[in-house]
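J.:
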Amino acid sequence: MIENLTEKWTRFLTENLPRWIEFISELLAQAGVPEQYRAIGALGILYALATIVVLVLVLILLRLVRRKKKPAPAEEEGGAGEAEIAEREERHEEEVAAEAGEGPTEPLAAEIPEPELEPERVRPERAEALVEEKVELEKPAPPLSLFDRMRAGLAKTHSSLIGRIDSLLGGGRKVDAALLEDLEEILVTADFGIKTTQEVIGALEKSLARESDCGPEVLRNTLKEEIRKRLRLEADPLDLDKASPFAIMVVGVNGVGKTTTIGKLARQYASQGKKVLLGAGDTFRAAAAEQLTVWGERAGVEVIRHAEGADPAAVAFDAAKAAIARKADVLILDTAGRLHTKVNLMEELKKVHRVLSREIPAAPHETLLVLDATTGQNALVQARLFKEAVEVSGIALTKLDGTAKGGVVVAIGGELGLPVRYVGIGEGVEDLRPFDPDMFVDALFQRD
Ligand SMILES: Nc1nc2c(ncn2[C@@H]2O[C@H](COP(=O)(O)OP(=O)(O)O)[C@@H](O)[C@H]2O)c(=O)[nH]1
Ligand SMILES: [Mg+2]
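For the record, in the sequence shown the residue sitting at position 325 is 539 according to my numbering, with numbers rising by one throughout.
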């Protein structure tokens with residue numbers, strides 16, 4: 215067959231080549247080329263034409279080959295397919311059960327509520343883009359004072375909660391039981407929670423009974439002080455110098471802002487001169503480790519990570535070992551937060567906790583539960599569940615800037631007895647602030 219083809223080509227060329235040379239020579243003659251140069255010129259032109267044709271063919275072939283190599287669009291969009299995820303989940307469940315040496319665990323009594331919005335699965339390149347966006351956002355940071363930043367972050371809660379309270383108190387109504395009832399409703403709808411609201415209203419009723427002439431301004435100030443009192447918890451402050459390395463385990467359901475919070479903390483601690491090390495314990499989502507690595511690079515901080523699907527306890531082990539070997543001041547460990555296998559999630563967290571405490575004395579020194587303020591009362595339910603599994607010692611409440619229901623801060627203090635360590639009031643690194651109850655209350659209640 216090949217011989218046949220070669221023979222055909224040779225015949226084609228020997229028959230046609232002289233004719234083409236003759237044709238081009240004629241064209242050259244018309245162009246005024248002297249006779250002795252025409253034949254060689256014609257050959258040269260033919261050679262150049264053939265080269266161009268071959269080059270074009272090669273380019274077309276290369277394009278075709280590259281297009282074939284690209285994955286199918288569906289695969290590219292979603293990363294792992296649903297079936298694959300389910301399979302991986304199942305594998306994970308089996309591993310955890312085998313490791314714990316137990317049969318199937320009893321499901322937890324209460325259900326963890328789904329957050330209102332499940333985050334999209336972030337692809338690695340998207341992870342970088344996300345962090346880029348955040349860094350971009352913080353660049354033109356206006357020279358706002360910390361207080362003004364807090365005010366700006368609480369703008370939604372301020373205008374809804376304090377706005378409603380002020381129009382209630384400023385309406386010329388008598389301060390009496392009926393007015394307190396309306397105030398009670400405002401507090402409940404701002405996510406103070408039933409228990410905290412009742413306590414606050416009870417305290418207001420008492421002061422109303424004490425003071426014969428309780429005007430709206432007195433009531434407003436009493437309310438402010440009652441809220442302040444509930445935010446000032448008798449909890450040990452977060453003292454990073456207490457241990458070295460000081461290990462922080464960060465827990466919480468998907469999408470609440472764990473990885474972002476860790477990234478911001480890493481940058482803040484590093485800029486305070488601390489040697490920080492991060493552990494990418496959310497091995498369930500490849501993008502989580504990628505996202506943490508990007509934050510790590512920006513903060514100039516090392517990130518210990520394993521492949522996707524690896525055992526999170528193994529990451530905890532390696533991260534703890536590395537933190538000791540590198541003499542790190544702070545180790546922050548990210549964890550997975552998937553909801554649909556919550557029993558295993560809790561088992562997994564317990565295991566990670568055990569590994570940390572085995573490798574570093576008294577670790578984790580802080581178990582920071584990240585809650586999303588926009589999920590309101592669901593955040594409290596999540597907190598109770600995590601408290602059952604691991605000894606949560608503090609809360610980071612993110613996205614306060616995105617909700618009008620900032621009252622949940624008060625509910626956390628009042629109902630869970632857990633100190634709020636940090637609040638997230640925006641996307642920039644500086645918008646994760648150590649929680650200062652006084653500044654919070656003053657910023658919230660300040661009149662425009
Ligand atoms: N507005 C606002 N967004 C936040 C805050 N903290 C985190 N986020 C966003 O919440 C989303 C989920 O965060 P991520 O750290 O990936 O959550 P994780 O699944 O718990 O690790 C990201 O888009 C973050 O930028 C905050 O304080 N304010
Ligand atoms: Mg994460």
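Beta carbons are placed, not taken as given, at the ideal position from N, Cα and C, and that holds for glycine.
Fair warning: this is a prediction, and the values are worked out from it, not measured in the lab.
Please classify I476 as buried or exposed, where buried requires at least 16 other C-beta atoms within 10 Å of its C-beta.
T.: Numbered from 1 along the sequence shown, position 262 holds the residue referred to as residue 476. Counting Cβ neighbours within 10 Å, I476 comes out buried, since at least 16 surround it.
J.: Terminal residues of the continuous alpha helix (DSSP H) containing V508?
T.: The residue you call residue 508 lines up with position 294 of the sequence shown. V508 -> alpha helix (DSSP H) spans A500 to A513.
J.: Do Q596 and V467 count as a contact pair if the criterion is CB distance below 7 Å?
T.: Your numbering for residue 467 matches position 253 in the sequence shown. Your numbering for residue 596 matches position 382 in the sequence shown. Cβ distance < 7 Å, so V467 and Q596 count as in contact.
J.: Using the Cα positions of F654 and D662, report the straight-line distance between them to the nearest angstrom.
T.: On the sequence shown, position 440 is the one that residue 654 refers to. On the sequence shown, position 448 is the one that residue 662 refers to. Cα-Cα distance, rounded: 15 Å.
J.: For L582 versus V464, is the C-beta distance shorter than 7 Å?
T.: Along the sequence shown, read from residue 1 onward, the residue named residue 582 stands at position 368. Along the sequence shown, read from residue 1 onward, the residue named residue 464 stands at position 250. Yes.
J.: Give a yes or no on whether the C-beta atoms belonging to L585 and I609 are separated by under 7 Å.
T.: As a first step, residue 585 must be located in the sequence shown, where it is residue number 371. As a first step, residue 609 must be located in the sequence shown, where it is residue number 395. Contact flag set, yes.
J.: Roughly how many whole angstroms lie between the Cα atoms of E249 and I238?
T.: Position 35 of the sequence shown, counting from 1, holds the residue named residue 249. Position 24 of the sequence shown, counting from 1, holds the residue named residue 238. Distance between the alpha carbons of E249 and I238: 12 Å.
J.: Less than 6 Å separating the Cβ of V544 from some heavy atom of ligand 3?
T.: Only ligand 1 and ligand 2 can be found as ligands here, which leaves ligand 3 out of the picture.
J.: Pull up the distance between the alpha-carbon of D455 and that of D543, whole angstroms please.
T.: Indexing the sequence shown from 1 puts residue 455 at position 241. Indexing the sequence shown from 1 puts residue 543 at position 329. Taking the straight line joining both Cα atoms gives about 8 Å.
J.: Please report the residue range of the beta strand (DSSP E) in which P648 lies.
T.: The count along the sequence shown starts at 1 and reaches residue 648 at position 434. Where P648 is concerned, the enclosing beta strand (DSSP E) stretches over L646 to P648.
J.: Could you check the C-alpha separation between K478 and D548 for me, to the nearest Å?
T.: Here the question's residue 478 lines up with position 264 in the sequence shown. Here the question's residue 548 lines up with position 334 in the sequence shown. The alpha-carbon atoms of K478 and D548 are separated by roughly 13 Å.
J.: Where DSSP assigns a beta bridge to L545, which residues make up the other side?
T.: The residue you call residue 545 lines up with position 331 of the sequence shown. Partner(s): A461 and L491.
J.: Would you identify the three-state DSSP class for T617, choosing helix, strand or coil?
T.: For the purposes of this step, residue 617 is identified with residue 403 of the sequence shown, where counting begins at 1. Looking at T617 - three-state DSSP - the assignment turns out to be coil, as it is neither helix nor strand.
J.: With D586 as the anchor, note down where its beta strand (DSSP E) starts and where it stops.
T.: Taking the first residue of the sequence shown as position 1, residue 586 is located at position 372. Element bounds for D586: E580 to D586.
J.: Is any heavy atom in ligand 2 found nearer than 6 Å to the beta carbon of V601?
T.: On the sequence shown, position 387 is the one that residue 601 refers to. Note on residue identity: the sequence assigns Lys, not Val, to residue 601. Outside the cutoff, so no.
J.: Just reading off the beta strand (DSSP E) that T474 is part of, what are its end residues?
T.: Taking the sequence shown and counting its residues from 1, one reaches residue 474 at position 260. Not the beta strand (DSSP E): T474 falls in the alpha helix (DSSP H), residues K472 to S485.
J.: For K409, is the classification buried or exposed, using 16 other Cβ atoms within 10 angstroms of its Cβ as the cut-off for buried?
T.: Position 195 of the sequence shown, counted from the first residue, corresponds to residue 409. The residue is exposed, with fewer than 16 neighbouring Cβ atoms inside 10 Å.
J.: Nearest to T588 by alpha carbon, out of P430, V508 and T371?
T.: Taking the sequence shown and counting its residues from 1, one reaches residue 588 at position 374. Taking only the C-alpha atoms, the option nearest T588 is T371.
J.: Do you know offhand how far E304's Cα is from R434's?
T.: Against the sequence shown, residue 304 aligns to sequence position 90. Against the sequence shown, residue 434 aligns to sequence position 220. The predicted model places E304 with a pLDDT of 47, which falls under 50 and marks its position as unreliable, so this point remains unresolved.
J.: Look at the alpha carbon of E316 and the alpha carbon of D380, and state the distance between them as a whole number of angstroms.
T.: Within the sequence shown, the letter at position 102 stands for residue 316. Within the sequence shown, the letter at position 166 stands for residue 380. Residue confidence is low: E316 scores 38 on pLDDT, short of 50, so the model does not pin down where it sits. Its coordinate-derived value is still stated next. Distance between the alpha carbons of E316 and D380 is about 57 Å.
J.: Would G621 and L614 qualify as a contact pair, given that the criterion is a beta-carbon distance under 7 Å?
T.: Mapped onto the sequence shown, residue 621 falls at position 407. Mapped onto the sequence shown, residue 614 falls at position 400. Against a cut-off of 7 Å, the Cβ pair of L614 and G621 comes out as no contact.
J.: Our contact map puts A524 next to T507 with C-beta atoms below 8 Å; I'd like the distance itself, whole angstroms only.
T.: Translated into positions along the sequence shown, residue 524 becomes position 310. Translated into positions along the sequence shown, residue 507 becomes position 293. The Cβ separation is near 15 Å, so there is no contact.
J.: Please state whether DSSP places E516 in a helix, a strand or coil.
T.: In the sequence shown, residue 516 corresponds to position 302, counting from 1. E516 falls in the strand class under three-state DSSP.
J.: Starting from R424, follow the alpha helix (DSSP H) in both directions and report where the run begins and ends.
T.: Within the sequence shown, residue 424 is the residue found at index 210, counting from 1. Where R424 is concerned, the enclosing alpha helix (DSSP H) stretches over I408 to R424.
J.: If contacts are defined as beta-carbon pairs under 8 Å, then P459 and L545 qualify, I think. What distance do you get, rounded to the angstrom?
T.: Residue 459 sits at position 245 when you count from the first residue of the sequence shown. Residue 545 sits at position 331 when you count from the first residue of the sequence shown. Correct: roughly 5 Å between the Cβ atoms.
J.: Around the Cβ of I415, are there at least 16 other Cβ atoms within 10 angstroms (buried) or fewer (exposed)?
T.: Looking up residue 415 in the sequence shown gives position 201. Buried: at least 16 other Cβ atoms inside 10 Å.
J.: One question on the structure: do V637 and L611 come within less than 7 Å of each other, judged by their Cβ atoms?
T.: For the purposes of this step, residue 637 is taken as the residue at position 423 of the sequence shown. For the purposes of this step, residue 611 is taken as the residue at position 397 of the sequence shown. In contact: V637 and L611 (Cβ atoms closer than 7 Å).
J.: Look up T497 in the DSSP assignment and say whether it is helix, strand or coil.
T.: Within the sequence shown, numbered from 1, the residue matching residue 497 stands at position 283. Coil, per DSSP.
J.: Pick out whichever of K564, P578, R442 and A528 has its Cα sitting closest to the Cα of A625.
T.: On the sequence shown, position 411 is the one that residue 625 refers to. Minimum Cα distance to A625 is reached at R442.
J.: Could you please give me the residues that DSSP links to I609 through a beta bridge?
T.: Position 395 of the sequence shown, counted from the start, is the residue given in the question as residue 609. Its beta-bridge partners are L583 and V634.
J.: Does any heavy atom of ligand 1 sit closer than 6 Å to the C-beta of N468?
T.: Taking the sequence shown and counting its residues from 1, one reaches residue 468 at position 254. Flag set: Cβ of N468 near ligand 1.
J.: Measuring straight from C-alpha to C-alpha, what distance separates V336 and R363?
T.: Against the sequence shown, residue 336 aligns to sequence position 122. Against the sequence shown, residue 363 aligns to sequence position 149. Here the model assigns V336 a pLDDT of 45, short of 50, so the residue's position is not dependable, and the following value carries that caveat. Taking the straight line joining both Cα atoms gives about 29 Å.
J.: Quick one: residues in its chain with C-beta nearer than 6 Å to the C-beta of R365, no 5 flanking neighbours on either side, listed in chain order?
T.: Looking up residue 365 in the sequence shown gives position 151. Result list for R365: A657, in chain order.
J.: Is the Cβ-Cβ distance between L445 and P648 less than 7 Å?
T.: For the purposes of this step, residue 445 is taken as the residue at position 231 of the sequence shown. For the purposes of this step, residue 648 is taken as the residue at position 434 of the sequence shown. Result no, Cβ atoms of L445 and P648 do not sit closer than 7 Å.
J.: Closer than 6 Å: is that where the CB of D496 sits relative to any heavy atom of ligand 2?
T.: On the sequence shown, position 282 is the one that residue 496 refers to. D496 Cβ: within cutoff of ligand 2.
J.: Any idea what DSSP makes of G255, helix, strand or coil?
T.: By 1-based counting over the sequence shown, the position of residue 255 is 41. If DSSP states are grouped into helix, strand and coil, G255 belongs with the helices.
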